[in-house]
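Comments concern the structure below.
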Amino acid sequence: MNIILFGAPGVGKGTQAKILSHVYHIPHISTGDILREAIKAETPLGIIAKGLMDHGNLVPDDLMIILVNDLLSSDRCKNGFILDGFPRTVAQAKALDTIFSQLNIHKFKVINIDVDPKMIIERLTDRFLCAQCGKIYNFTLDKFKAGDKCFKCGGMIFQRDDDKPETVKKRLDIYYRTTEPVKKYYQQTRALLDVNGVGEIDEITQRLLSTLGR
Ligand code: AMP
Numbered sequence: 042m043n044i045i046l047f048g049a050p051g052v053g054k055g056t057q058a059k060i061l062s063h064v065y066h067i068p069h070i071s072t073g074d075i076l077r078e079a080i081k082a083e084t085p086l087g088i089i090a091k092g093l094m095d096h097g098n099l100v101p102d103d104l105m106i107i108l109v110n111d112l113l114s115s116d117r118c119k120n121g122f123i124l125d126g127f128p129r130t131v132a133q134a135k136a137l138d139t140i141f142s143q144l145n146i147h148k149f150k151v152i153n154i155d156v157d158p159k160m161i162i163e164r165l166t167d168r169f170l171c172a173q174c175g176k177i178y179n180f181t182l183d184k185f186k187a188g189d190k191c192f193k194c195g196g197m198i199f200q201r202d203d204d205k206p207e208t209v210k211k212r213l214d215i216y217y218r219t220t221e222p223v224k225k226y227y228q229q230t231r232a233l234l235d236v237n238g239v240g241e242i243d244e245i246t247q248r249l250l251s252t253l254g255r
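Quick note: the sequence shown uses this note's numbering, first residue 42, plus one each step.
Rendered as C-alpha cells:
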C-alpha cells in the first residue's frame with residue numbers, strides 16, 4: 042500500500058500516519074520529522090532547514106526532492122509507505138510522479154484530511170510534545186500545567202518553535218498559497234480522497250481505513 046497523507050499543518054496527519062503504519066506494516070515517512078532529526082544531528086541539511094523551519098518557511102524543493110527520492114528508493118519502502126508532509130508544492134508533486142515512475146510505482150492513494158482553518162489554529166497552538174517519546178498532547182484538553190512531565194515516560198513537555206502563534210499563522214498562509222494547489226493537481230491527475238478530520242482520533246482512523254478499503 043502506497044499512501045500520501047495530505048492536509049494543512051495540524052489536521053492530524055502525523056497521528057494518523059503512525060496508526061496506519063502499524064495497521065499496514067509500512068513505514069511512516071514524515072519529512073518534518075526527518076528534518077527535525079537532521080537539525081538535532083546538525084547535518085548540512087539540518088543547518089539549512091533550521092533557519093527556515095523556525096520561521097515557518099518551506100525547505101527548498103530541490104533538497105526535499107533529493108531527500109524523498111533517497112528514502113523511497115531504499116529497501117525500507119519496498120513494500121509500501123505512508124508519506125506525510127510531502128509533496129508540499131506542485132513542483133514536489135511533479136517530481137514525485139517522476140520518482141514513482143522510475144521506481145515502477147503505479148498505484149498510490151492520496152488522502153486529504155480536511156479540517157476547518159479556525160480549528161487548525163487552535164489545535165496547533167495547543168499542541169505540545171514529549172521530548173523523549175514524542176507523545177503528542179493537547180495543552181487544554183490534557184489539562185497541563187507549566188512544568189508537568191509526560192504521563193507515559195516522564196519526559197519534558199515542550200512546544201515546537203513553529204507551533205508558536207505567530208509562526209502558525211505564517212505556516213497556514215504558506216499552506217493555502219503554496220500547498221493547497223497540490224490538492225488541485227491530484228484532483229486533476231487522479232482521484233483525491235477526502236476524509237473529514239474532525240472528531241476523535243479513533244473515529245478518524247476508521248474513516249481512513251474505510252476510505253482505504255480495509
Ligand atoms: P511538519 O512536521 O510536516 O509540519 O513540517 C515542519 C516543517 O518542515 C515545515 O513547516 C517546513 O518548514 C518543513 N518541511 C517539511 N516537509 C517539507 C516539504 N515537503 N517541503 C518543504 N519543507 C518541508
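No residue lacks a Cβ here, since even glycine has one placed at the ideal position from N, Cα and C.
Just the C-alpha distance for residue i and residue j, rounded to the nearest angstrom, thanks.
| i | j | result |
| --- | --- | --- |
| residue 65 | residue 125 | 15 Å |
| residue 69 | residue 187 | 31 Å |
| residue 143 | residue 62 | 24 Å |
| residue 92 | residue 198 | 22 Å |
| residue 246 | residue 89 | 35 Å |
| residue 208 | residue 55 | 19 Å |
| residue 147 | residue 237 | 26 Å |
| residue 42 | residue 253 | 9 Å |
In the structure shown, what three-state DSSP assignment does residue i receive?
| i | result |
| --- | --- |
| residue 141 | helix |
| residue 109 | helix |
| residue 182 | coil |
| residue 233 | strand |
| residue 114 | helix |
| residue 154 | strand |
| residue 42 | coil |
Between residue i and residue j, is the Cβ-Cβ spacing less than 8 Å?
| i | j | result |
| --- | --- | --- |
| residue 75 | residue 122 | no |
| residue 150 | residue 44 | yes |
| residue 102 | residue 133 | yes |
| residue 12 | residue 94 | A query on residue 12 cannot be resolved here, the shown segment of the chain reaching from 42 to 255 and no further. |
| residue 230 | residue 129 | no |
| residue 216 | residue 50 | yes |
| residue 87 | residue 80 | yes |
| residue 48 | residue 155 | yes |
| residue 137 | residue 109 | yes |
| residue 191 | residue 210 | no |
Whose C-alpha, out of the options, is nearest the C-alpha of residue i?
| i | options | result |
| --- | --- | --- |
| residue 153 | 235, 87 and 178 | 235 |
| residue 189 | 204, 169, 203 and 205 | 169 |
| residue 206 | 140, 48, 55 and 163 | 163 |
| residue 204 | 165, 240 and 77 | 165 |
| residue 131 | 223, 243 and 248 | 223 |
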